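What follows is a single structure, written as structure tokens, with notes after it.
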Amino acid sequence: MNVLCIDDDPITLMLCKKVIEKVNFASTIFTSNNGEEALEFFNSLNQDKEFEKIDIVFLDLNMPIMNGWEFLDEYIKNQFDKVFHKTKFIVLSSTIDPKDINKSKTYEIVIDFISKPITKELLEDLKTKLN
Numbered sequence: 017m018n019v020l021c022i023d024d025d026p027i028t029l030m031l032c033k034k035v036i037e038k039v040n041f042a043s044t045i046f047t048s049n050n051g052e053e054a055l056e057f058f059n060s061l062n063q064d065k066e067f068e069k070i071d072i073v074f075l076d077l078n079m080p081i082m083n084g085w086e087f088l089d090e091y092i093k094n095q096f097d098k099v100f101h102k103t104k105f106i107v108l109s110s111t112i113d114p115k116d117i118n119k120s121k122t123y124e125i126v127i128d129f130i131s132k133p134i135t136k137e138l139l140e141d142l143k144t145k146l147n
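Next comes the structure, spelled out in structure tokens:
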């Protein structure tokens, strides 16, 4: 499984990678610091037909340059949801605002909304759901 973590906080990205590695959740872990960088990443994947697709994306909402909502809108606008049709998104946010949780449900590609931080138990539960 290939995972992409999108977050502007380097400590969150490091923690995300460590926990994912600890539970053997993914074989490859990529990171992006904001939505714009993540769009460039998907664009480069789209050019490289040999590359394995990304299975799960952990997406933060509150980021500078391009936030999580803007990223999701651009991702769909660029039709990456059609190209990477098996890629699923999990919003990983520090917000617990019901509006954000409800908004995440309007995106077909978003399969869950989870509060930070990512944990071993959360990943083990997710692994069970995905299998």
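For reference, each letter of the sequence shown is one residue, going 17 to 147 in our numbering.
Even for Gly, the Cβ is constructed at its ideal location relative to N, Cα and C.
Source: prediction; values computed, not measured.
- Rounded to whole angstroms, residue 93 and residue 51 show a C-alpha spacing of 14 Å.
- The C-alpha of residue 54 lies about 8 Å from the C-alpha of residue 87.
- Taking 9 Å as the cut-off, the Cβ atoms of residue 39 and residue 74 do not count as close.
- Of 141, 27, 69, 81, the smallest CA-CA separation from residue 104 is found for 69.
- Counting along the chain, residue 60 sits inside the alpha helix (DSSP H) bounded by residues 51-63.
- Contiguous beta strand (DSSP E) elements confined to the region 74-129 occur at 104-109, taking only those with 3 or more residues.
- Around the beta carbon of residue 67, fewer than 16 other beta carbons sit within 10 angstroms, so the residue counts as exposed.
- At the C-beta level, residue 111 and residue 138 stay beyond 9 Å of one another.
- Between the C-alpha atoms of residue 135 and residue 127 there is a straight-line separation of about 17 Å.
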